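Have a look at the structure below, then the notes.
Protein chains: 2
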Amino acid sequence: MMDFLEEPIPGVGTYDDFNTIDWVREKSRDRDRHREITNKSKESTWALIHSVSDAFSGWLLMLLIGLLSGSLAGLIDISAHWMTDLKEGICTEGFWFNHEHCCWNSEHVTFEDRDKCPEWNSWSQLIISTDEGAFAYIVNYFMYVLWALLFAFLAVSLVKVFAPYACGSGIPEIKTILSGFIIRGYLGKWTLIIKTITLVLAVSSGLSLGKEGPLVHVACCCGNILCHCFNKYRKNEAKRREVLSAAAAAGVSVAFGAPIGGVLFSLEEVSYYFPLKTLWRSFFAALVAAFTLRSINPFGNSRLVLFYVEFHTPWHLFELVPFILLGIFGGLWGALFIRTNIAWCRKRKTTQLGKYPVIEVLVVTAITAILAFPNEYTRMSTSELISELFNDCGLLDSSKLCDYENRFNTSKGGELPDRPAGVGVYSAMWQLALTLILKIVITIFTFGMKIPSGLFIPSMAVGAIAGRLLGVGMEQLAYYHHDWAIFNSWCSQGADCITPGLYAMVGAAACLGGVTRMTVSLVVIMFELTGGLEYIVPLMAAAMTSKWVADALGREGIYDAHIRLNGYPFLEAKEEFAHKTLAMDVMKPRRNDPLLTVLTQDSMTVEDVETVISETTYSGFPVVVSRESQRLVGFVLRRDLIISIENARKKQDGVVSTSIIYFTEHSPPMPPYTPPTLKLRNILDLSPFTVTDLTPMEIVVDIFRKLGLRQCLVTHNGRLLGIITKKDVLKHIAQMANQDPDSILFN
Amino acid sequence: MMDFLEEPIPGVGTYDDFNTIDWVREKSRDRDRHREITNKSKESTWALIHSVSDAFSGWLLMLLIGLLSGSLAGLIDISAHWMTDLKEGICTEGFWFNHEHCCWNSEHVTFEDRDKCPEWNSWSQLIISTDEGAFAYIVNYFMYVLWALLFAFLAVSLVKVFAPYACGSGIPEIKTILSGFIIRGYLGKWTLIIKTITLVLAVSSGLSLGKEGPLVHVACCCGNILCHCFNKYRKNEAKRREVLSAAAAAGVSVAFGAPIGGVLFSLEEVSYYFPLKTLWRSFFAALVAAFTLRSINPFGNSRLVLFYVEFHTPWHLFELVPFILLGIFGGLWGALFIRTNIAWCRKRKTTQLGKYPVIEVLVVTAITAILAFPNEYTRMSTSELISELFNDCGLLDSSKLCDYENRFNTSKGGELPDRPAGVGVYSAMWQLALTLILKIVITIFTFGMKIPSGLFIPSMAVGAIAGRLLGVGMEQLAYYHHDWAIFNSWCSQGADCITPGLYAMVGAAACLGGVTRMTVSLVVIMFELTGGLEYIVPLMAAAMTSKWVADALGREGIYDAHIRLNGYPFLEAKEEFAHKTLAMDVMKPRRNDPLLTVLTQDSMTVEDVETVISETTYSGFPVVVSRESQRLVGFVLRRDLIISIENARKKQDGVVSTSIIYFTEHSPPMPPYTPPTLKLRNILDLSPFTVTDLTPMEIVVDIFRKLGLRQCLVTHNGRLLGIITKKDVLKHIAQMANQDPDSILFN
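In order, the protein sequence lines correspond to chains A and B.
Everything in the first sequence is counted per full-length UniProt numbering, starting at 1 for the first residue and increasing by one.
Everything in the second sequence is counted per full-length UniProt numbering, starting at 1 for the first residue and increasing by one.
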């Protein structure tokens, strides 16, 4: 145990960029650290305080992450709201008011026309002093497109110049990082700043994207940056990943106002190593974040949730049929979206297209803006649209979607019976159908561009539109044909049978499920939006159908597909490895290859080792008793070896090229006049993982996943035979799935 | 791969009672099975149907578990309600009505006296035709105690005679079973039947116990029994445990009407191996169970939850102080309860006391009943009590707890300002204080007796009483001293500042948390009871404080303490192993012991092997190339070896004692006139897990936990040195924690 007392050489035990961490080693190091602090704590009061503060630093960190990500989410919400309205006009009372706040402060506003007040000026009013007529329309149209282009241009330029990692939703990369990969700067302060700013710009530009996914990235950046304030987390890659899991939960928590859903999302979708302690801490972080956001109150309704809905009518068992239809639609949309989006992204990667990100963004923004302006449902921000679609029509709703005939003619107070659709509803249906087509097409081209872009909101919008269309259709069917067998048992004339808003919600869940393949977390997020256990069954039926349908058409969710597209070394924990190959089929060296490169424990010189290092690129070498016996002693990492030899040559007197390197516990007595030896047992991993050559690969994959290994040695009857690295495992899985094994790029 | 085509010998690959399963082997077997079905499915339509039905059988099983456990929970609720009322009287309209139903059907009932109707006769009315006077009181008292004794006697006798496993809450044993231990009959049909019946009896007898914990056992029995209908789950111990995890979720779901909380409970508290697929299925089972229970509607209020509460007033930040005080109380109660209860249970195990379970139950029941009858809060069932304590006083509440002065004198409609307490409240406070003491004392002696008994309800009752007392105290303080600095900023005169019901709820959460050390699942269950995110922060503050306080006084929760008391081989997944020992310190043989018993791969005769088997009791033997080299080939299980040799002697022509046993792939050509050889490669595990002798035990423990190993071989520089079994690991952990290592009883 002497080795632990030696002064560590700086750099030993750290990782290079784009490398995979060794979970076992990291966790061991943290336990050593913890043990040391605990032992010291008995010595002095100061050490005791240090020990207690160390124990509570995790909770403090969670609190800070919650506060910071909640505040940032509030800031983003407020700015995006203001800038979205800026495309349409400006408040003369103060340019910093958005449309809603501008008219709240106004005295000249009537209840029916809450949206119109003299303080709010559209661009045509400002420029040509009128809001009527074709020319004013054209001015507004022009300004709308202009602002959209300006925002998009700013967003893409900032990303390109300052922080290329700030683009996309970030969830595929976060999944990869959490699984143990290192991408330096991906969660750094520049990424945080630029992503926050460009997210607001991108959302405001009216593109078909959401801010929910990127908020997870923002929260993870907060978590990573705050980790630097605590020794415990700064220096340990495994502990830091626990914090990042919790930060991801906080991100979803503020995105939807759903803390429990956030924790389950982190557990189900993004996390890799999720011990129970992290569960509890994630929950704390998610709650703090949610309450911070609520006290900022960006939506002005003191609600925690983005789309607060309250339904009044229970659903009927027969309605499961349309709900399942929505599930099928969601699954189909999910599969279609993933396939086309990946094809388009692959084209971007492989052709000239990828070289002009700014032009691409501007073109897509221009098309989106030009097509969006004429239709009020595409012109409004997507989250407003979803909110309106989820809404159950009340007596006082002035929305076109609630323009039923005889709306004010209800006999009973409060309750709204089913009614024939009015002119407004019919025209809204047409507009929604057009919106649906536009969103479906444009989202495929939007997701993956070099700006921050989330998928949750566009997917939900597609589902909500489809759901609302179906819901209104069902409602009219029930109204006009309440004598049909399927209706007459439960839906009498003049009763309120069908809630189109619930259909929209179910549709949104189905589409989101189809794209992301979330299950429990999806249902729980939706449950937290409504707060009623009643509606879990419809949501679940739709989410399950959607997942089954989408899985039948393609196994991967959008995040996994993007991970594969980018070649990240991510070992999926959900998929079972189903092939009957053995460790010997995967290990290196393959048959007919030269023998495995090994070091011997007591017979190689510094020069020999340096030759091995320079001639190979392996990230580590097994150490054996002797080449003849091939009996394994341990494993040494290339990086540690290089650093140690360099260090020895610099500092240790007399270590020369002919010095012998010892990995044994005691170096034997040397004859006189030989150069001093170099003892490197302290960098030797004495407990390398081994499997036999006949171990089925399914077990090997399981070991890699569960223990978070970087490499594993293969033995046959006690002799060292080969090595399997995580990359080999990933390549083998890709090969077995008939994919290109060389697409896995990194170590 | 020829081995897989051979006809398997019956019995090979099964387990003895009180043995630990090998998760890796079980999961491998399931994957083989799955692969076989998938491959066959391409051959014929019938095989395809088989393959699809196999894939959906998991979902079908979940549906059945949900339906069955929901129905059983409904049945238990209804019967327990009726039998609890039977202690007080009987309905003349029909003896099968409970008090509430009896008076619902009555026409002679006024709104103020909902409880009294001529159809419901107390025992004194039936026997001496009056309900007034001291004699009637004594008759009722006597009948109450008599019924209680009768129920308790029936319960304990049924358990003793038919199903000894039906006693207790069952959760410690279920945790152990889920971690991979085999206890035959623990989840069998007799246990199910007897537990269901005796649970009703035990609850009705008025003892201080709940039905929530046992409901988890009942649901797991349902799960286990239903597994027998599906080949996939009947034959595979690992797959069956996935189902049991889901069943546990369904159990909690019906116990509290909290499906999400149930799933998290299963994840956090009871499960060992919980893949994401199980998460999704558990959720489904929990939902089905909850909705089945709701459609049975045992509480007659069409609510899903046991204690439905709705609060109207938000809490104030200052109130966190009393909430944290409640957390401290909960933690102290938890630690005290665990310590005294375990001491009492140990006494029961080690002294004469344990030999007279019937007398013990009768004595405790008699004491409980005699002390309980005079006090209305102990006389009512504990869940009714909790329900009343949680309740926020409304305008029309007739409960003594709501007997405030000027109750009907409120100026504003609906809102109830803080009021001075009336006579009823003061007397209720005294009675509640007495109830608190009784519950605290009697629960310690009740939990662990030979009847089904859960801890959730008594713990919650203790906390709810303490909370309500504190809450009313705070309320009166705020009413009389609203000018105090701590109140005057937020609590003006005549306003409704403090909700005593919320304090009760927070107290209940704190006490439950102190006893069980649940965290997230506890908060989520409580959240599902109220449905308001508002109250999560108080609940969480109390649960966190309670856990910290209780952990400071003793690391183990009640279930873990009972697992240790009973010596079950349970490897706790939550606790980190913090000691700096190595694999060589734990492995057998120890220094100075005789060498490890091994088999050689090609030089031992049947007789040699039989001698080894008869001379040792090890459950498995490593197979090596030769004794000299000690190079490891594989591992063979004792049970498989015995069965195979017996089978060969019976069936295989000419296998005699001098036959040589081969574990190699090809048996070498034998000289003529030697007896035929016995080839046993098919029972050899060719991929045994190995670690080096210098591997830190913390890593070994991690491997055992994460991979679910039964044993692991230890090597030094490629030579086999020893073996570590799960039992060795558990003994070592016990030793390091200064506990008796021999308390771990089973293999």
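Glycine included, C-beta positions come from ideal geometry on N, C-alpha and C.
Here the structure is a predicted model, which means the values were calculated and not measured.
In the displayed model, M449 of chain B falls within coil according to three-state DSSP, outside both helix and strand.
Restricting attention to A:L149, A:I174, A:V520 and A:A573, the CA atom closest to the CA of S205 of chain A is found in A:L149. For the options B:I386, B:G223, B:G467 and B:C393, the alpha carbon positioned closest to that of F456 of chain B is the one of B:I386.
Residue B:L72 holds the alpha-carbon nearest to the alpha-carbon of R294 of chain B among B:P10, B:D702 and B:L72.
Residue environment for A155 of chain B: buried (at least 16 other C-beta atoms within 10 angstroms of its C-beta).
Contact between the segment 493-506 of chain B and the segment 221-239 of chain B is not established, with fewer than three Cβ pairs separated by less than 8 Å. Proximity of G331 of chain A to chain B, defined by a Cβ-Cβ separation below 8 Å, is not satisfied.
For L86 of chain A and P164 of chain A, the gap between their C-alpha atoms comes out near 27 Å.
As far as DSSP is concerned, C229 of chain B takes part in no beta bridge. Segment contact: the segment 310-326 of chain B against the segment 462-471 of chain B, three or more CB-CB distances shorter than 8 Å; contact assigned. Its chain contains G74 as the residues whose beta carbon lies nearer than 6 Å to that of I296 of chain A, once the 5 sequence neighbours on both sides are disregarded; these appear in chain order. By the CB criterion at 8 Å, A249 of chain A and V263 of chain A fall inside the cutoff.
Here K27 of chain B is buried: its Cβ has 16 or more other Cβ atoms, across all protein chains shown, within 10 Å. Taking 8 Å as the upper bound for CB-CB distance, I536 of chain B and L287 of chain A are in contact here, some 6 Å apart. Within chain A, the C-beta atoms nearer than 9 Å to that of N717 of chain B come from Q601, V624, V625, S629, R631, L632 and V633, in chain order. N566 of chain B carries a helical assignment under DSSP once its states are collapsed to helix, strand and coil. Taking a beta-carbon distance threshold of 8 Å, F373 of chain B does not count as an interface residue toward chain A.
Two segments are said to touch when three or more pairs of C-beta atoms, one from each, lie closer than 8 Å; by this definition the segment 172-191 of chain A does not touch the segment 141-148 of chain A. Within chain A, the residues whose beta carbon sits less than 9 Å from that of R35 of chain B are A578, H579 and K580, listed in sequence order. According to DSSP, residue pairing for G74 of chain A in a beta bridge does not occur. Setting aside the 5 residues that flank it on each side, S57 of chain A is surrounded in the same chain by F230 and K232, each with a C-beta closer than 7 Å to its C-beta; the list follows chain order. At least 8 Å separates the beta-carbon of L632 of chain A from that of L686 of chain A. Chain-order list of chain A residues neighbouring E26 of chain B: empty, with the shortest C-beta distance near 12 Å, by a criterion of under 9 Å. Contacts with chain B at 8 Å (Cβ-Cβ) include V524 of chain A.
Within the DSSP bridge table, the entry for L637 of chain A names A:G620 as partners. Counting along the chain, the unbroken alpha helix (DSSP H) around V549 of chain B starts and ends at I536 to L553. Within chain A, the residues whose beta carbon sits less than 8 Å from that of R31 of chain B are E576, A578 and E698, listed in sequence order. Contact between I442 of chain A and T368 of chain A holds, since their C-beta atoms are separated by about 6 Å, short of 8 Å.
A check of alpha carbon separations from K727 of chain A across A:T692, A:S619, A:S644 and A:I699 identifies A:S619 as the nearest. In this model, P452 of chain A and C221 of chain A are separated by some 14 Å (Cα to Cα). The Cβ atoms of L207 of chain B and V321 of chain B lie no closer than 8 Å to each other. Inclusion of V624 of chain A and I661 of chain A in the CB contact set at 8 Å is not warranted, their separation being larger than that value. Take G654 of chain B, set aside five residues on each side of it, and the residues of its chain with a beta-carbon closer than 8 Å to its own are P675 and P676, in chain order. Nearest Cα to T340 of chain A within the set A:Y308, A:T446 and A:R29: A:T446.
The residue from B:A541, B:N375, B:E576 and B:W120 with its alpha-carbon nearest to that of K706 of chain B is B:E576. In the structure shown, F181 of chain B adopts extended strand secondary structure according to DSSP, grouped into three states.
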